[in-house]
Amino acid sequence: MKHWWWKSLAIGLLLFASIAALWTPLSPALVHVEPDRIAPGPMEVLVTGYNSNFSNAGSSISFFENDGQRFCPERTEVVDDRHLRLFVQVPGGLRSSMTDLQVGQLRYPGAFYTQELGEGIADRNCEEGHVQDGVFTFPNRSILYESIRNLHFHVPMWFTMIALMAISMWKSTQVLGNTSLDRDRDALAAVHVGLLFCALGLMTGALWARATWGAFWTSDVKLNGAAVTALIYLAYLVLRGSVPDAHKRARLAAIYNIFAFMLLVMFLFVVPRLNAVDSLHPGNGGNSGFSDLDLDNRLRIIFYPAVLGWILLGLWMYDLRRRTSRLNELLEQ
Amino acid sequence: MIRTTEIAGLIRLEVALDLRQRASWAGMLLYVVSAVYVAFLAVKGGMGTSTWNALFWIILLFAAFNALARSFQREDAGRQLYLYTLVDPRSVILARTIYNALTMVLLSLLSLTFYVLFMGDHALEQAHLGQFLLAVVLGGIGFATVLTLIAAIASRAGNGAGLMAILGFPLVLPLLLAVMRASKLSLDGVAWSVTSTYFLGSALLDVITLTLAWLLFPYLWRD
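If you're matching them up, the sequences are chains A and B in order.
Okay, so the first sequence: first residue is 526 according to this note's numbering, each after it adds one.
Okay, so the second sequence: first residue is 228 according to this note's numbering, each after it adds one.
Take a look at the structure:
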């Protein structure tokens, strides 16, 4: 166990990242208003928050904002931490058809569709809510909601898979020099573990896609890339299976592996840029990436350790796999 | 590095072999015609441009697999070994790839002719014809470059067409997607500025594939 330190690092990083990814609460947000359209006159609005703390005095102070002009509710009734009833006299003559709502520090842009527009109103001097408590939270964003935690599981799987496939390709280039059966065994072990991470990435991705896009599988460049990766490496296993002679198998598999990895890199990193408009993934095709959400690096603090931890775990599994297959071969002889 | 006289000689050898075995070319053509005719019988009636395009590329893909599977199978192991002692193995793979690319260009243009003949040319009405033909030609060359190396691997593995399909399908997919998209866009009559990225992408894939074939083939032919 001379390499014990990186294994403990893997365990530590994975424990930290997984617990933090699941434990960290989502930042509070306003999720629903009832009714969602306003017209001049007295209105009663029920506001629903998520992870909010309305019973705290400072965080239930609210105002409406229409095109930079504010007006305040006449009376606020706190139902509970998540529900707030606002009684407001909506002034006539608002300019914009979208009225924002702010409760405490929480903003709900375009909360109300506004009817009977006019030339503007006199700005009222509304009290602003206090700053919320500084708990460590994840960004809360519509559509994503709690599923944002999956970022720390789904994405590292693909990083790990790419790392393992790259190791496999590197070992395959060594096979070509001297047809080393040891290097061939290493390449195969890396592909086995890489395929496991591919399967995990597909599963976490399918669940995430169901939660956010509404379907387990969609026609998306990155999904096509994942499917092709799986097919290529399953074909690699079939190729190995169809050659009985060990040295010939090692050489053929190595050639296919190098060729396949190069085309895979093209497919994963070049083709998506050709038709980026098609992708549903964050950061592609005009979708905002997680970096836009993650203004204060809260996701990154957990994401980078998660990536490193999963890659180290992948390497550890690869190491175990190649050692057990070597022992199995020795036992058979 | 690249021995042009050797390559030219090997291409002449391929041409001579094909002229001697005309049945193999006839077989390839018959395969395409049958596939187009089956598609014609199955579709019956109108179909949109995107279906027209997709069906054409599927037929061409299968025709390519059928045509290129034979490229390393028509000689037995002894004659291949003799060939490799006479010339640089790299010349063999380059010559075969070039010859297969020529074959595929011819085959894809013939397939297109038969396809238009049976399925109608309504999809070509608004098309940017130069772009579409370029997509067909680039697609043919791309299939040839990727599948020649795969055919070599499959024939070395001693399990011809079946293994070649399994190994080849995922690897031609990037190219197939790029040229399919390019040909669909050109059928819609889109400007060069939009489609050129796809053409450049498929050309880049061809170059990378050819380089890899050049680098890897010397390890492949040995037993």
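The beta-carbon is built from N, C-alpha and C at its ideal position, and this holds for glycine as well.
As the structure is a computational prediction, the values presented were derived from the model and not from experiment.
Chain-ordered chain B contacts of residue i [CB-CB under 9 angstroms]
i: Ser697/A; result: Going along chain B, no residue has its Cβ under 9 angstroms from Ser697/A, so there is no contact; the nearest lies around 10 angstroms.
Beta-carbon proximity check, residue i vs residue j, cutoff 9 angstroms
i: Leu376/B; j: Phe784/A; result: yes
i: Trp683/A; j: Phe722/A; result: yes
i: Ala546/A; j: His677/A; result: yes
i: Leu524/A; j: Ala755/A; result: Nothing can be reported for residue 524/A: it is not among the residues displayed for chain A, which extend from 526 to 858.
i: Val263/B; j: Met331/B; result: no
i: Tyr258/B; j: Ala290/B; result: yes
i: Ala328/B; j: Ile368/B; result: yes
i: Thr704/A; j: Trp835/A; result: no
i: Gln614/A; j: Pro560/A; result: no
i: Val867/A; j: Ser580/A; result: Missing from the structure shown is residue 867/A; chain A here goes from 526 to 858 and no further.
i: Leu431/B; j: Val795/A; result: yes
i: Ser667/A; j: Gly629/A; result: no
Proximal chain A residues relative to residue i, where beta-carbon distance stays under 8 angstroms
i: Ala304/B; result: Here the premise fails: no neighbours, minimum Cβ distance about 12 angstroms.
i: Leu398/B; result: Ile757, Phe784, Ala785, Leu788
i: Ile285/B; result: Result: empty, since nearest Cβ-Cβ is about 16 angstroms, beyond 8 angstroms.
Residues that residue i contacts on chain B, provided the C-beta gap is smaller than 7 angstroms
i: Ile780/A; result: Ile380, Leu443, Tyr446, Leu447
i: Ala760/A; result: Ile393, Leu394, Pro397
i: Met791/A; result: Pro401, Leu432, Ile435
i: Leu833/A; result: Here the premise fails: no neighbours, minimum Cβ distance about 30 angstroms.
i: Val716/A; result: Going along chain B, no residue has its Cβ under 7 angstroms from Val716/A, so there is no contact; the nearest lies around 14 angstroms.
Contacts that residue i makes with chain B (C-beta to C-beta distance below 8 angstroms)
i: Leu701/A; result: Leu443, Tyr446
i: Arg776/A; result: Tyr446, Leu447, Arg449
Endpoints, beta strand (DSSP E) assigned at residue i
i: Asp625/A; result: 623–628
i: His557/A; result: 554–559
i: Ser587/A; result: 587–591
i: Gln614/A; result: 608–615
i: Tyr575/A; result: 566–575
i: Glu602/A; result: 600–603
i: Gly635/A; result: 631–639
Rounded Cβ spacing between residue i and residue j (contact assumed at less than 8 angstroms)
i: Phe792/A; j: Val753/A; result: 6 angstroms
i: Leu402/B; j: Ser429/B; result: 6 angstroms
i: Ala381/B; j: Leu394/B; result: 6 angstroms
i: Arg595/A; j: Cys651/A; result: 5 angstroms
i: Ser413/B; j: His355/B; result: 5 angstroms
i: Leu447/B; j: Ile780/A; result: 6 angstroms
i: Thr662/A; j: Ile563/A; result: About 30 angstroms separates the two Cβ atoms, so there is no contact after all.
i: Ser587/A; j: Leu611/A; result: 6 angstroms
i: Thr324/B; j: Leu437/B; result: 6 angstroms
i: Ala384/B; j: Leu789/A; result: Not a contact, Cβ separation roughly 20 angstroms.
i: Thr729/A; j: Asn675/A; result: 6 angstroms
i: Val364/B; j: Ser335/B; result: 7 angstroms
i: Leu551/A; j: Glu671/A; result: 6 angstroms
Residues that residue i contacts on chain A, provided the C-beta gap is smaller than 7 angstroms
i: Leu376/B; result: Phe784
i: Ala266/B; result: Result: empty, since nearest Cβ-Cβ is about 23 angstroms, beyond 7 angstroms.
i: Ala384/B; result: Leu764, Ser767, Val768, Leu777
Exposure label - residue i; buried when at least 16 CB within 10 Å
i: Arg848/A; result: exposed
i: Tyr309/B; result: exposed
i: Leu716/A; result: In the sequence under discussion, the amino acid at residue 716/A is Val, which differs from the Leu named in the question. Buried.
i: Ala771/A; result: exposed
i: Trp279/B; result: buried
i: Met842/A; result: buried
i: Asp745/A; result: buried
i: Ile544/A; result: exposed
i: Glu302/B; result: exposed
i: Ala724/A; result: exposed
i: Met407/B; result: buried
i: Phe741/A; result: exposed
Residue span of the alpha helix (DSSP H) that contains residue i, given as start and end
i: Pro316/B; result: 316–346
i: Ala736/A; result: 706–737
i: Thr849/A; result: 823–857
i: Gly357/B; result: 356–383
i: Arg595/A; result: Premise fails: Arg595/A lies in the beta strand (DSSP E), 594–596, not in any alpha helix (DSSP H).
i: Asn578/A; result: No alpha helix (DSSP H) contains Asn578/A, which DSSP labels as neither H nor E.
i: Trp683/A; result: 676–703
i: Ser277/B; result: 276–295
i: Val259/B; result: 249–270
i: Val421/B; result: 419–447
i: Ser543/A; result: 529–548
i: Leu308/B; result: 304–313
i: His772/A; result: 771–794
Contact set between residue i and chain A, taken where Cβ atoms lie within less than 9 angstroms
i: Arg317/B; result: Result: empty, since nearest Cβ-Cβ is about 14 angstroms, beyond 9 angstroms.
i: Leu321/B; result: Chain A residues near Leu321/B: none, gap ~16 angstroms exceeds 9 angstroms.
i: Leu390/B; result: Ala760, Val763, Leu764, Ser767
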